[in-house]
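Heads up: the sequence shown begins at 3 in the working numbering, then just goes up one per residue.
Cβ atoms here follow ideal geometry from the backbone N, Cα and C, with glycine treated the same way.
A quick note: this is a predicted structure, and the numbers were derived from the prediction, not measured.
Accompanying notes for the structure given below.
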Amino acid sequence: MRLPLLISVPHGGLDVPPELRPFLRIGPDLIEAGSDVGSFEVYASLGEDRVVAYRAQRWARVLVDVNRAADNRKPDGVIKTFVQGHRVYDPYPDQAVIETVIERYHASYHRDLERLTSLPGVKLGVDCHTMFASAPPDAPDPEGSLRPMICLSDGSGKSLPPGWMDALARHFRQQFGQDQVKVNEPFNGGHIVRRHSTRLPFVQIEISRSEALGWREKGERVHAALAGFCREQFGTVPTARRCRLFEWVRRLWRCCA
């Protein structure tokens with residue numbers, strides 16, 4: 003049985019766009035350090051066989067960040083200049099290369115999300131991330147402060163209908179503990195949530211990389227929380243027969259894209 007969700011996993015990839023490789027100054031260790039470590043493992047619990055729609059980004063976050071606006075050219079913007087104090091490029095790619103990368107790897111991700119938001123049966127978008135267990139130096143929360151297991155974000159009420167965040171937080175607290183779930187703290191929701199909530203209710207999930215739970219256990223608890231919310235909010239989840247129809251429609255969309 004599939005949940006009526008669109009899952010976005012934007013920061014788990016480690017691949018290097020070939021257009022950027024000649025300029026790259028950092029190695030695989032820093033590329034991985036700048037990614038959402040563990041996100042593919044955790045959110046495998048919400049893979050294509052368990053939800054209506056799923057999209058994951060294979061390209062490394064430190065090289066092209068789909069959770070930043072395309073016109074965000076700050077050092078921590080769509081094309082980053084530093085990661086953990088190390089210069090990413092030397093020399094920095096010229097403007098033509100940057101625009102090509104944004105079109106091929108950033109814009110394409112958002113086009114896919116726009117298409118998937120309109121699939122039959124999709125009722126909630128979930129943008130899925132992992133976060134450091136304690137705040138790093140450049141974080142919005144005080145450096146070194148211990149984070150909860152879960153941060154749920156909706157842009158302070160802008161990306162979800164009234165009452166949905168309260169219900170989501172309640173189901174996540176049932177799975178992770180009352181003191182282990184925060185709302186819009188330390189994160190408030192990124193570009194993906196802001197952009198695509200104009201078409202579909204959207205929530206951002208950040209799960210701690212704490213070793214208190216393994217990746218698989220974290221993922222199953224996230225799935226259980228979202229399944230509980232879907233049962234409460236929507237009454238039912240898609241049946242196996244309806245899911246086959248959704249799969250056919252999804253494949254048709256891919257062929258036509």
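Roughly how many angstroms lie between the CA atoms of residue i and residue j, to the nearest whole one?
{"i": "N69", "j": "G237", "result": "31 Å"}
{"i": "L121", "j": "Y111", "result": "16 Å"}
{"i": "L5", "j": "A229", "result": "7 Å"}
{"i": "P77", "j": "R233", "result": "42 Å"}
{"i": "K220", "j": "P19", "result": "30 Å"}
{"i": "L215", "j": "D96", "result": "44 Å"}
{"i": "P142", "j": "C153", "result": "13 Å"}
{"i": "T102", "j": "F178", "result": "42 Å"}
{"i": "G79", "j": "L65", "result": "10 Å"}
{"i": "E222", "j": "E43", "result": "11 Å"}
{"i": "L16", "j": "E34", "result": "6 Å"}
{"i": "I209", "j": "K184", "result": "11 Å"}
{"i": "R175", "j": "E145", "result": "25 Å"}
Apart from the five residues just before and just after residue i, which ones in its own chain have a Cβ nearer than 8 Å to its Cβ?
{"i": "R211", "result": "V39, G40, T132, M133, F134, A135"}
{"i": "S37", "result": "H13, G14, G15, L16, A62, R63, V64"}
{"i": "D140", "result": "D78"}
So who's on the other strand from residue i, going by DSSP bridges?
{"i": "G127", "result": "L8, F204"}
{"i": "K160", "result": "Bridge partners of K160: none, in fact."}
{"i": "D17", "result": "W61"}
{"i": "R197", "result": "DSSP, once it has assigned bridges, lists no residue as partnering R197."}
Does the Cβ of residue i have 16 or more other Cβ atoms within 10 Å, making it buried, or fewer, making it exposed?
{"i": "A109", "result": "exposed"}
{"i": "H198", "result": "buried"}
{"i": "E105", "result": "exposed"}
{"i": "K160", "result": "exposed"}
{"i": "S158", "result": "exposed"}
{"i": "G29", "result": "exposed"}
{"i": "D51", "result": "exposed"}
{"i": "A171", "result": "buried"}
Ignore the nearest five residues each way along the sequence and tell me which others in residue i's own chain have a CB closer than 7 Å to its CB.
{"i": "T119", "result": "L8, G127, H198, R201, L202"}
{"i": "Q182", "result": "P150, M151, I152"}
Evaluate contact between the stretch 111–130 and the stretch 201–218, counting only Cβ atoms and requiring at least three cross-stretch pairs below 8 Å.
yes
Touching or not, the stretch 140–151 and the stretch 184–203, by the rule of three or more beta carbon pairs under 8 Å?
yes
So, do the stretch 88–100 and the stretch 164–184 have three or more beta carbon pairs nearer to each other than 8 Å?
Remark: fewer than three beta-carbon pairs, one from each stretch, lie closer than 8 Å, so the stretch 88–100 and the stretch 164–184 are not flagged as touching.
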